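Working notes for the structure below.
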Amino acid sequence: MRQLLVLSDMLSRLCAGVARLGSWLILPLILVIVYDVVTRKIVFIQQWVMNSWLYDFISPTKLQELEWHLHAMIFLMAYALAYLNSAHVRVDIWREKQSERKRGWVELICILVFALPFCGVLVYESWQFVVNAYVQGEGSAALTGIPHRWIIKSFLLLGVGLLLLALLATLLRLVIFLFGPRALRPEALARLGMVQQPAGEAVRDDSAEVR
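According to my numbering, the sequence shown is numbered sequentially starting from -11.
If you want it as structure tokens, here you go:
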């Protein structure tokens, strides 16, 4: 069981590392937005860019598409870590009132029945999405847009793949928390933010359920 916990930590660190790498894309995103606004609002700068060789590389269409691409990359690279940290919004009336073990059971069942099959379909479809874009040489619909659309589409495959790893890491921790040795259960629970009771709430004792 200890090895499963170590493996889950490795998967979690991989997701966190990719998310941290993606967070650096916020800086070029800010620069692109600022540059786009400045060149649009200050006429003489706009005219200078349009009359220079730079226009082929930083046309308004390319800048706008680059903003969308960077935003998508940041979102997709951080999606898995957000799940691991329980940062996604959950609208739930019944589950939030249950004990940690019951929350764990709900999470386990939902991962096995819904999340993993859905994620598997997304991985397959994303792969087809990227391959078709590459084979067809898909580019922007705009003549002056960004070519090689398969590059940005590949980040969808990356994001879904990372989410699959995050689900597997959570699944391993849930197995330890629900079925593992009592000594390891607190360690597994500490890594399950979506199962832990919120601070300030009384923790219900379900020890009788696991005897």
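Note that beta-carbon positions come from the ideal geometry of N, C-alpha and C, so glycine has one too. These numbers come from a predicted model, not from an experiment.
Span of the alpha helix (DSSP H), counted from its first residue to its last, around residue i
{"i": "S(-4)", "result": "-10 to 11"}
{"i": "V31", "result": "31 to 38"}
{"i": "L172", "result": "Here L172 belongs to no alpha helix (DSSP H), and DSSP marks it neither H nor E."}
{"i": "I97", "result": "88 to 98"}
{"i": "P48", "result": "48 to 72"}
{"i": "G133", "result": "Careful: G133 lies outside any alpha helix (DSSP H) and carries neither H nor E."}
{"i": "E113", "result": "104 to 123"}
Closest Cα partner of residue i within the set the options
{"i": "Q184", "options": "M65, K85, V(-6)", "result": "K85"}
{"i": "D80", "options": "N73, E95, A66, A70", "result": "E95"}
{"i": "H57", "options": "R173, R179, G127, L152", "result": "G127"}
{"i": "P16", "options": "V37, E55, I97, L42", "result": "E55"}
{"i": "R83", "options": "I97, V26, D24", "result": "I97"}
{"i": "I46", "options": "Q(-9), V20, M(-11)", "result": "V20"}
{"i": "V9", "options": "T132, I62, V(-6)", "result": "First, the amino acid is wrong: residue 9 is Leu here, not Val. Nearest option by C-alpha distance: I62."}
Sequence-distant residues of the same chain with beta carbon closer than 6 Å to residue i, five excluded per side
{"i": "S74", "result": "G181, M182"}
{"i": "A7", "result": "M65, A66, L69"}
{"i": "I99", "result": "L155, L159"}
{"i": "L177", "result": "F165"}
{"i": "R173", "result": "F165"}
Rounded C-alpha distance that separates residue i from residue j
{"i": "A190", "j": "V148", "result": "Unreliable positioning characterises A190 in this predicted model, as indicated by a pLDDT of 47, which lies under 50. The coordinate reading is nonetheless provided below. Rounded to whole angstroms, A190 to V148 spans 35 Å at the Cα level."}
{"i": "S(-4)", "j": "N120", "result": "33 Å"}
{"i": "A129", "j": "F165", "result": "50 Å"}
{"i": "F32", "j": "N39", "result": "11 Å"}
{"i": "Q52", "j": "L13", "result": "15 Å"}
{"i": "Y122", "j": "H136", "result": "7 Å"}
{"i": "C3", "j": "S87", "result": "28 Å"}
{"i": "H76", "j": "T49", "result": "32 Å"}
{"i": "C107", "j": "L152", "result": "6 Å"}
{"i": "Q35", "j": "G125", "result": "32 Å"}
{"i": "D24", "j": "I18", "result": "10 Å"}
Residues of its chain near residue i, where Cβ-Cβ distance is below 8 Å and the 5 sequence neighbours each way are ignored
{"i": "V118", "result": "W138, K141, S142, L144, L145"}
{"i": "L162", "result": "G92, E95, L96, I99, A176, L180, V183"}
Cβ shell of residue i (< 7 Å), same chain only, five flanking positions each side left out
{"i": "A60", "result": "I140, F143"}
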